[in-house]
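So the sequence lines, in the order shown, correspond to chains A and B.
Its first residue numbered 1, the first sequence is counted upward by one per residue in full-length UniProt numbering.
Its first residue numbered 1, the second sequence is counted upward by one per residue in full-length UniProt numbering.
Contents: one structure, followed by commentary.
Number of protein chains: 2
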Amino acid sequence: MAQVAQVSQATVSYAYTRPEKISSALRDRVLRIADEIGYAGPNPGGQNLRTGHFGALGLMMTDSLALAFDDPATTYLLRGIAEVGELAEVALTLLPFPAADIARSADERDAHAARVALRSAVDGFLAYAMPDRHPALDAVRRRGAPMVVIDSPLLPGVPSVGIRDRRGAEQAARHLLELGHRRIGVLVDRLAPDGRRGVVPRGRFRRIRDRVARERIGGYRSAFAAHGLDFGRTTVVEAGGFNRALSLRAARTLLDEGGFTAVLASTDVLALAALDVLAERGARVPEDISVTGFDDLPAAATAGLTTVSQPLVEKGRRAADMLVEVMRGGTGKRLLLPTELVSRDSTAPPR
Amino acid sequence: MAQVAQVSQATVSYAYTRPEKISSALRDRVLRIADEIGYAGPNPGGQNLRTGHFGALGLMMTDSLALAFDDPATTYLLRGIAEVGELAEVALTLLPFPAADIARSADERDAHAARVALRSAVDGFLAYAMPDRHPALDAVRRRGAPMVVIDSPLLPGVPSVGIRDRRGAEQAARHLLELGHRRIGVLVDRLAPDGRRGVVPRGRFRRIRDRVARERIGGYRSAFAAHGLDFGRTTVVEAGGFNRALSLRAARTLLDEGGFTAVLASTDVLALAALDVLAERGARVPEDISVTGFDDLPAAATAGLTTVSQPLVEKGRRAADMLVEVMRGGTGKRLLLPTELVSRDSTAPPR
DNA sequence: CTGAAAGCGCTTACAG
DNA sequence: CTGAAAGCGCTTACAG
Chain A
1 MAQVAQVSQA TVSYAYTRPE KISSALRDRV LRIADEIGYA GPNPGGQNLR TGHFGALGLM
61 MTDSLALAFD DPATTYLLRG IAEVGELAEV ALTLLPFPAA DIARSADERD AHAARVALRS
121 AVDGFLAYAM PDRHPALDAV RRRGAPMVVI DSPLLPGVPS VGIRDRRGAE QAARHLLELG
181 HRRIGVLVDR LAPDGRRGVV PRGRFRRIRD RVARERIGGY RSAFAAHGLD FGRTTVVEAG
241 GFNRALSLRA ARTLLDEGGF TAVLASTDVL ALAALDVLAE RGARVPEDIS VTGFDDLPAA
301 ATAGLTTVSQ PLVEKGRRAA DMLVEVMRGG TGKRLLLPTE LVSRDSTAPP R
Chain B
1 MAQVAQVSQA TVSYAYTRPE KISSALRDRV LRIADEIGYA GPNPGGQNLR TGHFGALGLM
61 MTDSLALAFD DPATTYLLRG IAEVGELAEV ALTLLPFPAA DIARSADERD AHAARVALRS
121 AVDGFLAYAM PDRHPALDAV RRRGAPMVVI DSPLLPGVPS VGIRDRRGAE QAARHLLELG
181 HRRIGVLVDR LAPDGRRGVV PRGRFRRIRD RVARERIGGY RSAFAAHGLD FGRTTVVEAG
241 GFNRALSLRA ARTLLDEGGF TAVLASTDVL ALAALDVLAE RGARVPEDIS VTGFDDLPAA
301 ATAGLTTVSQ PLVEKGRRAA DMLVEVMRGG TGKRLLLPTE LVSRDSTAPP R
């Protein structure tokens, strides 16, 4: 391009990125010639290498991207991220972590994820709801790239945004217990990314690989203990994932057991699935059985679901804000957002 | 890194990307030293520049990213894109087109969008629901990057995936007309990205800047004409955007006028908003008034909405497939997916 | 199986 | 206000 226009490379560069450095006549000429010969402006690859930044943020999630567009809670979080004004200048890159059905094994999947994180052309990372130990997290830290964690895991020295999961879960459980429920069935999404689902055997609680799941279970456990109940004897069903199909299946498995006066669900998606299964079976809520959720999605309000609200959109916004701050040289911190029990029409004392 | 390990740059490169080119002993040594000195592997910027590809696809949308996480139809589309297996190796970059409230003017917004498209470190573009003329589209074509358009606009020589919008819209309108409706109010999302909303003045129909809106209005118009009605005399309310708040507002504006026996909405989000406003006002559907939508979101089925279904997830999947094909040197084509009228409980003959 | 060299396209001091 | 030169970090023929 510089050759054709018979100017130096620097002049072309200035024409695009530093208009004040050259005369406007020269700039116009360069731009006109560029137009004629079909030069579309500085190649991003060259710019990246030279300036050392990419103009993009990477978002890492467990599993595949499907989560981003499948799970309502995730969608709200992403909305918050997208709202951040400073991001008007940077792209949001959704990193392709392979789904379980594509990768041959969990190890291979993790290795792939780490490679992706390392290779991706981004200036900073948002890690959302990752399991405790994940090679991609190590890879990012080693690369020394700015990172902010959302929800899980908690990594020493890594800034993060989350909520008081244990307390929120405790609030929901206490609400049911204080209403007088003693036969409570529990629904959880996933305790570890190993594809297991169904009734959770006791030993599995010691091998939870996700901070949020661990905290929520911990909250349930302590609320139960405060009311003289042993959480270990409670039926807990694990969906094995986040989507509606798996949630419905888990709700059916739990409700097939029968005899519960309440369902304590660790997400709204699970609680809403339970509501649907109950309606299908002709059970009345809350007369026959109470149900609580967690998240307070808009759909929870519509369904009259008693749940624990967390500020999902704000969580995304704050995390993105914090990442911008870290990328500017700030240190970031651990930010905890409030939760609140929202009592609606899906809970009542047992008969 | 090469210096410390006392090997050549090439050896380091091979250690990471061509294990078969060096002995495994040497490779192990290189990797071990890298680990010790904290070298995280090849810098993506250097790789990009040298190989000429980025390992990412760019998604361009009108307005801001908020659309991606705000509009259910868009969310389903993205789910389809994310499902494409070949994408397990490439990232999906959401390009940050500034929202109306951030950019000072429409021109500035467009110029910014073009710049972003040019600068972004991606190998190909998916352009979704863009207005007819948009500088970012020109910029991408000039850059010569592979591109597939979803829905709008239709560009000569550019492969695209869409549906028969005109026919689908015609089906919905004809359904109402054949039931005997003559006082039909129409709801549309946006005819041009200029921030206008409210009752659409006649002249504005000649200045629609979005292909899909134009086709759907055309479908309504011809169905009306076939029944001896002048579409030009119909009340059409434009929401001015895609979210629920604007949709509710548009529905209120339309229904305030009164006297309609049916509401013909150009999207399900608008139709569902109309349903909510009608419920709020104590009107019975379909006894007092009929409502039709377009898209067939899962929420439409729940609400018993009569609508025109289009395969949203498949649209995304097909578009991503086609882009992969084009990036491999294929030519792509114009792909049209089927629509179908789904008759549910929100429509009946007028009283 | 390993190493020295070229060059991808840019930006930025620096000299004129 | 403009140009010549260096170097960002990599990969890939090529020579040994």
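C-beta atoms are modelled at their ideal positions from N, C-alpha and C, and glycine is treated no differently.
Under 8 Å from the C-beta of residue i: neighbouring residues of chain A
i                : result
Thr93 of chain B : Ala56, Ala91, Leu92, Thr93 and Leu94
Gly52 of chain B : Gly45
Test: residue i CB closer than 7 Å to a CB of chain A
i                 : result
Arg18 of chain B  : no
Thr75 of chain B  : yes
Leu87 of chain B  : yes
Leu341 of chain B : no
Arg32 of chain B  : no
Leu323 of chain B : no
Closer than 8 Å at the beta carbon, the chain B residues around residue i
i                 : result
Ser120 of chain A : Pro44, Gly55, Ala56 and Ala91
Gly38 of chain A  : Arg142 and Gly144
Any C-beta of chain B under 7 Å from that of residue i
i                      : result
Leu177 of chain A      : no
Phe69 of chain A       : yes
Arg143 of chain A      : yes
Thr307 of chain A      : no
Thr302 of chain A      : no
residue 384 of chain A : This structure cannot settle anything about residue 384 of chain A, because the visible part of chain A is limited to 1 through 351.
Leu49 of chain A       : yes
Gly41 of chain A       : yes
Arg318 of chain A      : no
Strand pairing of residue i, partner residues [DSSP]
i                 : result
Val161 of chain A : A:Ile150 and A:Leu335
Ile184 of chain B : B:Ala262
Val308 of chain B : B:Leu341
Met60 of chain B  : B:Ala127
Val93 of chain A  : Residue 93 of chain A is actually Thr in this sequence, not Val. Bridge partners of Thr93 of chain A: A:Gly58 and B:Thr93.
7 Å Cβ cut-off: residues of chain B touching residue i
i                : result
Ser65 of chain A : Reading off the sequence shown, one finds Leu at residue 65 of chain A, where the question assumed Ser. Ordered by position in chain B, the residues that pass the 7 Å Cβ test against Leu65 of chain A are Ala82 and Leu92.
Residues that residue i contacts on chain A, provided the C-beta gap is smaller than 7 Å
i                : result
Arg79 of chain B : Ala66, Phe69 and Asp70
Taking only beta carbons into account, state which residues of the region 260-272 of chain A come closer than 8 Å to chain B, listed in chain order.
Result list empty, no residue passes.
Where the region 203-223 of chain A meets chain B: residues whose CB sits under 7 Å from a CB there = Those would be none; no residue qualifies.
Inset, instruction - Report the residue ranges of all beta strand (DSSP E) runs contained in full by the region 158-244 of chain B; include only those spanning at least 3 residues, in chain order. - result: 160-163, 184-188 and 236-238
>> Any C-beta of chain A within less than 8 Å: which residues of the region 224-248 of chain B qualify?
In response: none
TODO: Note down, one range per segment and in chain order, each alpha helix (DSSP H) of at least 4 residues found wholly within the region 265-307 of chain A.
DONE: Listed in chain order, the complete alpha helix (DSSP H) runs (minimum 4 residues) inside the region 265-307 of chain A are 268-280 and 298-303.
Which of the residues in the region 112-139 of chain A, read from start to end, lie with their CB under 9 Å from any CB of chain B?
-> Flagged, chain order: His112, Arg115, Val116, Leu118, Arg119, Ser120, Ala121, Val122 and Ala139.
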